[in-house]
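Okay, structure first, notes after.
Protein chains: 2
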Amino acid sequence: MLSREQFDEASGLQIFSGCRPETIAMLLEGAFLHKFPEGIDLAKEGEPPDFLHVVVSGAVELYSRYRDRETTIEVIGAPNVFIAAAVVLDRPHLKSARVIEPARILMLPAASVRKALSEDAAFAARIAVELATAYRAVTKDLKNQKLRTGLERLANWLARRDTETGSTHRIVIPYDKKVLAAQLGMAPENLSRNFATLARFGVKVKGARIEIGDPAALENLAKPDPLIDDPSS
Amino acid sequence: MLSREQFDEASGLQIFSGCRPETIAMLLEGAFLHKFPEGIDLAKEGEPPDFLHVVVSGAVELYSRYRDRETTIEVIGAPNVFIAAAVVLDRPHLKSARVIEPARILMLPAASVRKALSEDAAFAARIAVELATAYRAVTKDLKNQKLRTGLERLANWLARRDTETGSTHRIVIPYDKKVLAAQLGMAPENLSRNFATLARFGVKVKGARIEIGDPAALENLAKPDPLIDDPSS
DNA sequence: CGTGAGGTTGAGATCCTTCAACAGATGTGG
DNA sequence: CCACATCTGTTGAAGGATCTCAACCTCACG
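Going down the list, the sequences are from chains A and B. When the letters of the first sequence are read in order and numbered with our numbering, they come out as residues 112 to 344. When the letters of the second sequence are read in order and numbered with our numbering, they come out as residues 112 to 344.
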């Protein structure tokens, strides 16, 4: 149950923009807005979806296992939705979700979401936009994986991260390096080695802090492609 | 412009089920239903989307380039939609599309699709389902890429293809082996070598025809996971 | 100070790609 | 019908990329 303040805060979220007030009220009826500490699992792959999750603040890692391997598929920051696809289709999660930065999460009952979908075109359109955006993000990731080497993926991650944080040429890895390694699709050891290789291109690493000494050289190595790297395209 | 028969055929497609007749009429207003021979390009990555495409028959390969590399992301058979995400968001295609099996394609004007999205909740919900399904398919593919070796991907492709075609333990590769190689994320040479390796597990290859001599051995090697391999989960 | 977690480095094995040569099938024109 | 070209796929050899295992290092923290 949401408090008055929570209700007001939640109803202002992008996901509800343009929706009918009744739709919003119905969705928030059985909703929760909870704080979660780092390390908590919010969903487990293979299990049916109970809630649509909205990251109000903090960050969540989506990861999967197979045999004795594990990889992270995506890191979701605020203010984004996740596991929308599983909720819409009412099928088991394909990924587990784990808090990697203390987070406030709005949880909307899955059944309400599916109901709203067929009753409110604006909400359905918003969900369609969310899904389309998520779809494109994964597609870019798949292209990234299949078309680039590990070193290229790292170089592009650095270049993108730099422009996203104001092109100061100083960036900070916002989580453990092993998470970054898994996200980039390489072993942690390989991430170290790739960083070492990038020293030749003016990249200096000190713990989680990275300095891009020669942005042009890095850019030239990375050869970013808007159809892979632009988050907004 | 569609003929009377084409209109009737098109309006029976799954994508329209539950939609208001006016929505369907509006969508089919400026639509085309064309036959395309093998090899034709239907869309080019980087260009804006003009039409939502529905594969009525035949097959289409979605592929991408980067530097001098190319990979296929997906192969779409009938009766499926593609480039829905680009149309919904009105953003450039992330992938090119090429006919690999003579196809009949229904093309719905992108602007009409976006209009229908906000006016007809049933249509919006259908598109949301399409997008959610496509999203999950790419996610599975990404897991496949990041969590498995090439040999495992091939073994699982064979196992899945076999069950999809009636578990006769005889399958036919429905397109060129180089397309299969790109789809599985390996060089064509490597596909050959992986097939050679599979001989030890009872897999016999003669051109495009494959016989699975020891299904249990293949299954044991593949170790399929419903959260990667089940098309319906 | 120890201790443990996260990160780095080295060595060897494995996976995969590239380049090159070759084989087989298909098609064409004389 | 044959010679030739072409396209696809296979095979071999070499090198590159990546992973695993192990040792070591560093730093925060009790």
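Where a beta carbon is used, it is the ideal one built from N, C-alpha and C, also for glycine. Here the structure is a predicted model, which is why all the values come from computation and not from measurement.
Cβ neighbours of residue i in the same chain (closer than 6 Å, five flanking residues each side left out)
| i | result |
| --- | --- |
| Pro299 of chain B | Lys289, Ala292 |
| Lys251 of chain A | Ile339 |
| Ile135 of chain B | Ser122, Phe127 |
| Ala333 of chain A | Ala266, Asn267, Ala270 |
| Ala328 of chain B | Phe312, Gly313 |
| Asp161 of chain A | Ala221 |
| Ala235 of chain A | Leu228 |
| Arg131 of chain B | Asp231 |
| Gly129 of chain A | Ala233 |
Counted within 10 angstroms of its Cβ, other Cβ atoms place residue i as buried (16 or more) or exposed
| i | result |
| --- | --- |
| Ala195 of chain B | buried |
| Ser278 of chain A | exposed |
| Asp119 of chain A | exposed |
| Asp231 of chain A | buried |
| Met112 of chain A | exposed |
| Glu156 of chain A | buried |
| Lys146 of chain A | exposed |
| Gly324 of chain A | exposed |
| Thr260 of chain B | exposed |
| Lys257 of chain A | buried |
| Val224 of chain A | buried |
| Thr244 of chain B | buried |
| Gly318 of chain B | exposed |
| Ala222 of chain B | exposed |
| Gly296 of chain B | buried |
| Gly283 of chain B | The sequence shown places Val at residue 283 of chain B, not Gly. By the neighbour-count rule (16 or more Cβ atoms within 10 Å), Val283 of chain B is not buried but exposed. |
| Ser207 of chain A | buried |
| Asp201 of chain A | exposed |
| Arg247 of chain A | buried |
| Asp179 of chain B | exposed |
| Ala307 of chain B | exposed |
| Ala310 of chain A | exposed |
| Asn331 of chain A | exposed |
Cβ-based neighbour list, residue i, same chain, cut-off 7 Å, excluding 5 preceding and 5 following
| i | result |
| --- | --- |
| Thr183 of chain A | Glu172, Leu173, Tyr174, Val290, Ala293, Gln294 |
| Asn255 of chain B | Arg264, Ile339 |
| Ile238 of chain A | Ala195, Val199, Leu228 |
| His280 of chain A | Asp273, Glu322, Ile323, Pro326 |
Range covered by the beta strand (DSSP E) that runs through residue i
| i | result |
| --- | --- |
| Leu153 of chain B | 152-154 |
| Phe118 of chain B | First-last for Phe118 of chain B: 115-122, but that is the alpha helix (DSSP H), not the beta strand (DSSP E). |
| Pro281 of chain A | Pro is not the amino acid found at residue 281 of chain A; the sequence shown has Arg there. It spans 281-283 - the beta strand (DSSP E) in which Arg281 of chain A sits, taken as one unbroken run. |
Those residues which DSSP pairs with residue i across a bridge
| i | result |
| --- | --- |
| Glu181 of chain A | A:Arg176 |
| Ser303 of chain B | For Ser303 of chain B, which the question treats as bridged, DSSP gives no partner whatsoever. |
| His164 of chain A | A:Phe193, A:Met218 |
| Lys146 of chain A | A:Arg215 |
| Lys315 of chain A | A:Glu322 |
| Ala170 of chain A | A:Gly188, A:Glu212 |
| Ser207 of chain B | B:Tyr174 |
Where the alpha helix (DSSP H) through residue i begins and ends
| i | result |
| --- | --- |
| Phe234 of chain A | 232-258 |
| Arg131 of chain B | Segment: none, Arg131 of chain B is in no alpha helix (DSSP H) and carries neither H nor E. |
| Asp273 of chain A | 261-275 |
| Ala293 of chain B | 288-294 |
| Pro337 of chain A | 337-340 |
Residues of its chain near residue i, where Cβ-Cβ distance is below 8 Å and the 5 sequence neighbours each way are ignored
| i | result |
| --- | --- |
| Ile151 of chain B | Arg209, Val210 |
| Leu242 of chain B | Ala195, Ala196, Val199 |
| Ala170 of chain A | Val186, Ile187, Gly188, Ala189, Val210, Ile211, Glu212, Ala214, Pro285, Tyr286 |
| Leu124 of chain B | Val165, Val167, Pro190, Leu217 |
| Lys226 of chain B | Met137 |
| Ser344 of chain B | Pro337, Leu338 |
**Request:** Taking only beta carbons into account, state which residues of the segment 247-260 of chain B come closer than 8 Å to chain A, listed in chain order.
**Result:** Result list: Arg247, Val249, Thr250, Lys251, Asp252, Leu253, Lys254, Gln256, Lys257, Leu258, Arg259.
**Request:** Could you list the residues in the segment 190-221 of chain B with a C-beta less than 9 Å from some C-beta on chain A, going in chain order?
**Result:** The residues in question are Ala195, Ala196, Ala197, Val198, Val199, Leu200, Arg202, Pro203, His204, Leu205, Lys206.
**Prompt:** Can you list, in chain order, the residues of the segment 221-233 of chain A whose Cβ is nearer than 8 Å to any Cβ on chain B?
**Reply:** Cβ contacts with chain B: Leu228, Ser229, Glu230, Asp231, Ala232, Ala233.
**Request:** Taking only beta carbons into account, state which residues of the segment 165-180 of chain A come closer than 7 Å to chain B, listed in chain order.
**Result:** Ser175, Tyr177, Arg178, Arg180
**Asked** Can you list, in chain order, the residues of the segment 140-161 of chain A whose Cβ is nearer than 7 Å to any Cβ on chain B?
**Response** Glu156, Gly157
**Within 9 Å of chain A by C-beta, residues of the segment 267-281 of chain B in sequence order** = none
**Message:** For the segment 313-340 of chain B, list every residue whose C-beta sits within 9 Å of some C-beta in chain A, in sequence order.
**Reply:** Lys334, Asp336, Pro337, Leu338, Ile339
**Item:** Where the segment 278-302 of chain A meets chain B: residues whose CB sits under 7 Å from a CB there
**Value:** Gly296
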